[in-house]
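**Student:** Starting off with a structure, shown below.
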Amino acid sequence: MSDSIFQDALTRVRTIGESAKVSPEVIESLMHPMRTMTASLPVRMDDGSTHYFTGYRCRYNNALGPTKGGIRFHPDVNLPEVQALALWMSIKCAVVGLPYGGGKGGVTVDPKKLSRMELERLSRSYVRQMADVISPERDIPAPDVYTNERIMGWMMDEYEAITRKKAPGVITGKPISLGGSLGRDDATGRGAYLCILELEQKHNWIPSDISVAVQGFGNGGYHAARLLHERGYKVVAISDSKGGIFSQNGFDVPSIYEEKQRSRQVRAVYCNHSVCEQVEHQILSNAELLELDVDILIPAALDGVIGKHNIDNIKANYIVEVANGPVLSDVDDILHEKGIHVIPDVLANAGGVTVSYFEWVQNRSGYAWELQDVHERLGKIMSKAFNDIWDLAKAEKRSMRNAAYTVAMRRIGQAIEAHGTRDYFNAD
Ligand code: NAD
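Per our numbering, residue 1216 is the first one in the sequence shown, and the count goes up by one each step.
This is how it looks when you write it as structure tokens:
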């Protein structure tokens, strides 16, 4: 699956690039990850033994600026997956107009099986191996699946110990006390929420009439669900890795979050202070959640969850991709024909990298912004990106994904062409 995920990502770039008449040289440059590193990460385990984990970092394309992208700790992490994620980051940064190229990293590990001290040693080991690749001017990591702000703090600390200087701009998604930005914690979910607000305006939706199903209740999924619930949307289904819950009337999202913190699984409850009572619901699997007849489906967990295997059963009107790569490219056209609109990952989850960019700017200028500033600037960037893509999609009768890739490739293309292309060097 993962090898094909990278091939799938390349196919999408080539197909959309050709249909949008992007220069062949630009398409070709996006077929080749610029620099990829595989490293063995020795970690002293609590029992005294040394375990060697495999870590990756890919700097995919830096035409628009230093490379930027998260670090994932997951048992399924592998090289093609990291490369696919790094390619998507290149497209995503261009979609929202950030001065960044795309990168990504990861470690093949089940972090749930490590003690806290082993996790810290692994995070520091990763930075020791990657210290020549990352830097505030070259390649800037951030959190991704199963990495968090504490891990970012350890990583920054290790980098500073190696380079013997303060360098908060080397990594984003840090704790506020270590140079993190206000508003980074919910930025990914908020970005997706802002996209849905744009749809609300265009379709004159009444939030309480709109049903939403969310797969994955982590950083991205939870905050998107929370903000939608606050606005009055009906969040009828929620899941995590252990399974899901469904209620036609919608859930009180904060209660479910509160109970998940306690029980470590999503449970259908209503909490009043410390008292949580079960509410009427059905249990459903992650596969069943994807096939619900809802207005908005938000896959916010893993890649490749919607493809040929279940496309006939997908009934949502809108799919808002908070996860990276939840829809496989071979069903892009089928979804378009079925009239199911996809707000693609490279737009829907771009709020995270946008506020990471704000964090980096604040670190480099030494001036911290207020939360309102962060929200206003994020709102402006997401609204412009959404509408650029929406307008192109309407004008050229493309899907939102197709239009997003087209916008991104044209921007990356302008930077590549500014150095001169075959046509320039062959001109008389
Ligand atoms: P997270 O680790 O905070 O949460 C992941 C959630 O997915 C958890 O609730 C987990 O229980 C659930 N999950 C894991 N395996 C599952 C399975 N098999 N079925 C259903 N649910 C499962 O991760 P996150 O940061 O929210 O990232 C989720 C997705 O969003 C990833 O694809 C990530 O690349 C993408 N993303 C995250 C950010 C960010 O800033 N956090 C930014 C952009 C994209």
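Beta carbons are placed, not taken as given, at the ideal position from N, Cα and C, and that holds for glycine.
#1: Grab me the residues of ARG1579's own chain with a C-beta within less than 8 Å of its C-beta, minus the 5 sequence neighbours each way, in chain order.
#2: Does DSSP put ASP1588 in a helix, in a strand, or in coil?
#3: Sorry if obvious, but does the Cβ on LEU1517 come closer than 7 Å to a heavy atom of ligand 1?
#4: Specify whether the region 1328 to 1346 and the region 1246 to 1265 touch according to this definition: at least 3 beta carbon pairs, one from each stretch, less than 8 Å apart.
#5: Is THR1403 near ligand 1, judged by its Cβ being under 7 Å from some heavy atom?
#6: Return the Cβ separation of ASN1602 and ASN1564 in integer angstroms, given the expectation that the two are a contact with Cβ distance under 8 Å.
#7: Out of curiosity, what's the CA-to-CA distance linking ASN1276 and GLY1567?
#8: Using a Cβ-based criterion (distance less than 7 Å to any ligand heavy atom), does PHE1432 qualify as near ligand 1?
#9: Return the CA-CA distance between HIS1634 and ILE1242, expressed in angstroms with no decimal places.
#10: By DSSP, does THR1636 sit in helix, in strand, or in coil?
#11: Going by C-alpha distance, which of ASP1518, VAL1509, GLY1458 and ARG1616 is nearest SER1654?
#12: Might you give, ordered along the chain, the residues of its own chain that have their beta carbon closer than 7 Å to the beta carbon of HIS1496, omitting 5 neighbours on each side?
#13: If you compare alpha carbons, which of ARG1405, PRO1295 and ARG1365 is closest to GLY1436?
#14: Suppose contacts are defined by Cβ-Cβ distances below 8 Å. Is SER1454 in contact with ASN1525 by that definition?
#15: If you check the beta carbons only, do ALA1600 and LEU1562 fall under 8 Å apart?
#16: Could you give the uninterrupted runs of the alpha helix (DSSP H) lying entirely in the region 1271 to 1321, keeping only those of 4 residues or more?
#17: Compute the Euclidean distance between the alpha carbons of LEU1409 and ASP1262, then round it to the nearest angstrom.
#18: Measure the alpha-carbon distance for ILE1627 versus LYS1283 and round it to whole angstroms.
#19: State the start and end residues of the unbroken alpha helix (DSSP H) segment that holds GLY1458.
#20: Do you know offhand how far ALA1235's Cα is from LYS1612's?
#21: Do ILE1498 and LEU1512 have their CB atoms nearer than 8 Å?
#22: Looking only at its chain, what residues have a beta carbon closer than 6 Å to the beta carbon of GLY1394, apart from the 5 residues adjacent to it on each side?
#23: Could you please give the first and the last residue of the uninterrupted beta strand (DSSP E) stretch that includes MET1252?
#24: Please classify LYS1381 as buried or exposed, where buried requires at least 16 neighbouring CB atoms within 10 angstroms.
#25: Would you say VAL1237 and MET1615 are within 8 Å of each other, going by their C-beta atoms?
#26: May I have the straight-line CA-CA distance separating HIS1478 from ILE1471, to the nearest angstrom?
#27: Around the C-beta of GLY1321, are 16 or more other C-beta atoms found within 10 angstroms, so that it is buried, or is it exposed?
#28: Less than 7 Å between C-beta atoms, sequence neighbours within five positions excluded: which residues of the same chain meet that for LEU1443?
#29: Give every residue of the same chain whose Cβ lies closer than 6 Å to the Cβ of PHE1221, excluding the five residues on either side of it in the sequence, and list them in chain order.
#30: Classify LEU1464 as helix, strand or coil using the three-state DSSP reduction.
#31: Which word fits LYS1319, buried or exposed, when buried means at least 16 other C-beta atoms lie within 10 angstroms of its C-beta?
#32: Give the range of the beta strand (DSSP E) segment to which GLN1344 is assigned.
#33: According to DSSP, is ASP1527 helix, strand or coil?
#34: Could you spell out the range, first to last residue, of the alpha helix (DSSP H) harbouring VAL1490?
#35: Quick check: what's the CA-CA separation for SER1456 versus ARG1637?
#36: Assuming ASP1548 contacts GLY1522 (C-beta within less than 8 Å), just tell me the rounded distance between them.
**Tutor:** Straight from the coordinates:
#1: Taking the sequence shown and counting its residues from 1, the one referred to as residue 1579 is at position 364. Correct list, in chain order: PRO1351 and GLY1384.
#2: By one-based count along the sequence shown, residue 1588 stands at place 373. If DSSP states are grouped into helix, strand and coil, ASP1588 belongs with the helices.
#3: As a first step, residue 1517 must be located in the sequence shown, where it is residue number 302. Within the cutoff, so yes.
#4: yes
#5: Within the sequence shown, residue 1403 is the residue found at index 188, counting from 1. Checking every heavy atom of ligand 1 against the Cβ of THR1403, one is found closer than 7 Å.
#6: As a position in the sequence shown, residue 1602 is number 387, starting the count at 1. As a position in the sequence shown, residue 1564 is number 349, starting the count at 1. Their Cβ separation, rounded to whole angstroms, is 18 Å, which puts ASN1602 and ASN1564 out of contact at 8 Å.
#7: As a first step, residue 1276 must be located in the sequence shown, where it is residue number 61. As a first step, residue 1567 must be located in the sequence shown, where it is residue number 352. C-alpha separation (whole angstroms): 19 Å.
#8: Position 217 of the sequence shown, counting from 1, holds the residue named residue 1432. Yes, the Cβ of PHE1432 comes within 7 Å of a heavy atom of ligand 1.
#9: Position 419 of the sequence shown, counting from 1, holds the residue named residue 1634. Position 27 of the sequence shown, counting from 1, holds the residue named residue 1242. Each residue's alpha carbon lies about 15 Å from the other.
#10: Against the sequence shown, residue 1636 aligns to sequence position 421. THR1636: coil per DSSP, three-state reduction.
#11: Any property of residue 1654 remains undetermined from this structure, which presents the chain solely from 1216 to 1643.
#12: Indexing the sequence shown from 1 puts residue 1496 at position 281. So the list reads ILE1460, PHE1461, SER1462 and ALA1483, once near-sequence residues are dropped.
#13: Here the question's residue 1436 lines up with position 221 in the sequence shown. Out of ARG1405, PRO1295 and ARG1365, ARG1405 has the C-alpha closest to the C-alpha of GLY1436.
#14: Taking the first residue of the sequence shown as 1, we reach residue 1454 at position 239. Taking the first residue of the sequence shown as 1, we reach residue 1525 at position 310. Against a cut-off of 8 Å, the Cβ pair of ASN1525 and SER1454 comes out as no contact.
#15: One-based indexing of the sequence shown puts residue 1600 at position 385. One-based indexing of the sequence shown puts residue 1562 at position 347. Taking 8 Å as the Cβ cut-off, ALA1600 and LEU1562 qualify as a contacting pair.
#16: 1294 to 1310
#17: Stepping through the sequence shown from its first residue, residue 1409 is reached at position 194. Stepping through the sequence shown from its first residue, residue 1262 is reached at position 47. Between LEU1409 and ASP1262, the C-alpha separation is close to 47 Å.
#18: Start at 1 with the first residue of the sequence shown, and residue 1627 comes out as number 412. Start at 1 with the first residue of the sequence shown, and residue 1283 comes out as number 68. C-alpha separation (whole angstroms): 15 Å.
#19: If you number the sequence shown from 1, residue 1458 lands on position 243. Careful: GLY1458 lies outside any alpha helix (DSSP H), inside the beta strand (DSSP E) at 1458 to 1461.
#20: Within the sequence shown, numbered from 1, the residue matching residue 1235 stands at position 20. Within the sequence shown, numbered from 1, the residue matching residue 1612 stands at position 397. Distance between the alpha carbons of ALA1235 and LYS1612 is about 12 Å.
#21: The residue you call residue 1498 lines up with position 283 of the sequence shown. The residue you call residue 1512 lines up with position 297 of the sequence shown. No, the Cβ-Cβ distance between ILE1498 and LEU1512 is not below 8 Å.
#22: Here residue 1394 is taken as the residue at index 179 of the sequence shown, counted from 1. Counting only Cβ-Cβ distances below 6 Å, and skipping sequence neighbours, we find PRO1383 and ASN1578.
#23: In the sequence shown, counting from the first residue as 1, residue 1252 sits at position 37. Note, MET1252: beta strand (DSSP E), 1250 to 1259.
#24: Numbered from its first residue, the sequence shown carries residue 1381 at position 166. The residue is exposed, with fewer than 16 neighbouring Cβ atoms inside 10 Å.
#25: Indexing the sequence shown from 1 puts residue 1237 at position 22. Indexing the sequence shown from 1 puts residue 1615 at position 400. Cβ atoms of VAL1237 and MET1615: not closer than 8 Å.
#26: By one-based count along the sequence shown, residue 1478 stands at place 263. By one-based count along the sequence shown, residue 1471 stands at place 256. Sequence check: residue 1478 is Ser here, not His. Near 10 Å, if we compare the C-alpha coordinates of ILE1471 and SER1478.
#27: As a working mapping, residue 1321 is identified with position 106 in the sequence shown. Counting Cβ neighbours within 10 Å, GLY1321 comes out buried, since at least 16 surround it.
#28: Taking the sequence shown and counting its residues from 1, one reaches residue 1443 at position 228. Counting only Cβ-Cβ distances below 7 Å, and skipping sequence neighbours, we find TYR1408, ILE1411, VAL1427 and VAL1450.
#29: Here residue 1221 refers to the residue found at position 6 of the sequence shown. Around PHE1221: PRO1295, GLN1298 and ALA1299.
#30: The residue given as residue 1464 occupies position 249 in the sequence shown. With the sequence shown as reference, residue 1464 is identified as Asn, and Leu is not the correct amino acid for it. Correct three-state label for ASN1464: coil.
#31: Indexing the sequence shown from 1 puts residue 1319 at position 104. Flag for LYS1319 reads buried.
#32: Translated into positions along the sequence shown, residue 1344 becomes position 129. Run containing GLN1344: none in the beta strand (DSSP E); it sits in the alpha helix (DSSP H), 1331 to 1345.
#33: As a position in the sequence shown, residue 1527 is number 312, starting the count at 1. DSSP places ASP1527 in helix when its eight states are reduced to three.
#34: For the purposes of this step, residue 1490 is identified with residue 275 of the sequence shown, where counting begins at 1. No alpha helix (DSSP H) holds VAL1490; the beta strand (DSSP E) holding it covers 1490 to 1493.
#35: Locating residue 1456 in the sequence shown gives position 241, counting from the first residue. Locating residue 1637 in the sequence shown gives position 422, counting from the first residue. The alpha-carbon atoms of SER1456 and ARG1637 are separated by roughly 49 Å.
#36: As a first step, residue 1548 must be located in the sequence shown, where it is residue number 333. As a first step, residue 1522 must be located in the sequence shown, where it is residue number 307. Their Cβ separation, rounded to whole angstroms, is 13 Å, which puts ASP1548 and GLY1522 out of contact at 8 Å.
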